[in-house]
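So the sequence shown is residues -21 to -1, 1 to 279, counted in mature numbering (1 follows the signal peptide of the UniProt record, and there is no 0).
We put the CB at the ideal spot given by N, CA and C, even for glycine.
First comes the structure, then the notes that go with it.
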Amino acid sequence: MPRPRFLILASNALFATLILAGCDRLGAFNSLQAGDIKPDIPNLPYGPDPRQKMDIYLPTPQARPAPLIVWFYGGSWDSGEKAKYAFVAKRFVEMGYGVAIPDYRLVPKIRYPDFVKDGALAVAAAQKFAQNHPGEIAGDRLVLAGHSAGAYNAVQIVANPAFLNEARLTRDDIAGIIGLSGPYDFYPYDVAATQIAFGDTPADDSQPVNQDLTDMPPLLLITGEADRTVFPRNSIKLAELAPQATLVKIPDMGHVGTVVALGTFLTGDVRVTAPIQTFLHDIAPTSKQEQVVSMSQKRP
């Protein structure tokens, strides 16, 4: 049953306040949501820079081998820390999935395309981990997911083939992409965050909507209709162009609401989690889900 509207608004406001107040308070929110969950493989390097590391979380041994989701956090490409998003890992782990959360180099130390290149390298490292640990991870086709700037990274890694090519990957390596409140059509750069991150990069290079999307993997794009940070038109436009896109628009939900919904204590929202579960079941079912389907097919 959907939560009461006042609770949705209150939880969204709480999360927004914590983000704006800084990482320490976001860390407190994360601790409240994530509890004692810790990465099974912490700080797995995918490059030489101190920020080119990822944490990998695994479900219970009974749920392994599990499909693997690579989660990219948001933060205008200039902030973020993987440890503060353990609550996201907890949500997906409880669904029966492994989760890799990479850090990536941040603006202003670097600019586009370096943070997307980092994302592609992290995906390649996650795939290698999957290939080397078949008892833990099911298959080597990965699901990419992210919120806000992280949703952009997840989509752009695959939309612009240069990033996959450089990481020695192809679109066939990606089972699907989940984008929450992502910017995909934001040229010209009319806010400080994009001006600093993208400089004079032409739209044909930086904008997912300007890429050849004909053979993109399945997309699930979720946006809040009350989002005034990344307008819903970004998800709407991308959904119009990508041939295998599912668009979910949620009334009365703002920018942070789609990631707040992944919390498991008070802030969870089935309007976000239910479409995600359905999408994951379709593109990367867990072994338990596959067993259920197999048993149903055997029934007369």
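By the neighbour-count criterion, in which a residue is buried when 16 or more other Cβ atoms sit within 10 angstroms of its Cβ, residue 199 is buried. Residue 82 counts as buried, since no fewer than 16 other beta carbons sit within 10 angstroms of its beta carbon. Nearest neighbour of residue 32 by Cα position, chosen from 61, 54 and 48, turns out to be 61.
For residue 13 against residue 65, the beta-carbon gap comes to about 4 Å, under 8 Å, which counts as contact. Across the set 94, 47 and 263, the C-alpha of 47 shows the shortest separation from the C-alpha of residue 112. Residue 265 sits away from residue 118, with the two beta carbons spaced by 8 Å or more. In the structure shown, residue 124 falls within a strand segment according to DSSP collapsed to helix, strand and coil.
Between residue 233 and residue 205, the C-beta spacing is below 8 Å. Taking the CA atoms as reference points, residue 126 sits about 11 Å from residue 209.
The beta carbons of residue 164 and residue 226 sit no closer together than 8 Å.
Residue environment analysis places residue 257 among the exposed positions, since fewer than 16 neighbouring C-beta atoms fall within 10 angstroms of its C-beta. Between the stretch 23 to 41 and the stretch 101 to 110 there are three or more C-beta pairs closer than 8 Å, enough to call the two in contact.
Of 194, 67, 29 and 187, the smallest CA-CA separation from residue 17 is found for 67. In the three-state DSSP reduction, residue 24 falls in the strand class (E or B). Under the three-state reduction of DSSP, residue 173 is assigned to helix. The C-alpha of residue 128 lies about 25 Å from the C-alpha of residue 261. A distance of 8 Å or more separates the beta carbons of residue 133 and residue 103. Residue 246 sits in coil when the DSSP states are folded into three classes, being neither helix nor strand. For residue 182, the CB contacts under 6 Å within the same chain, skipping 5 residues up- and downstream, are 166 and 189 in chain order. Excluding residues up to 5 positions away in sequence, 120, 122, 262 and 263 lie with their Cβ nearer than 6 Å to the Cβ of residue 154 in the same chain.
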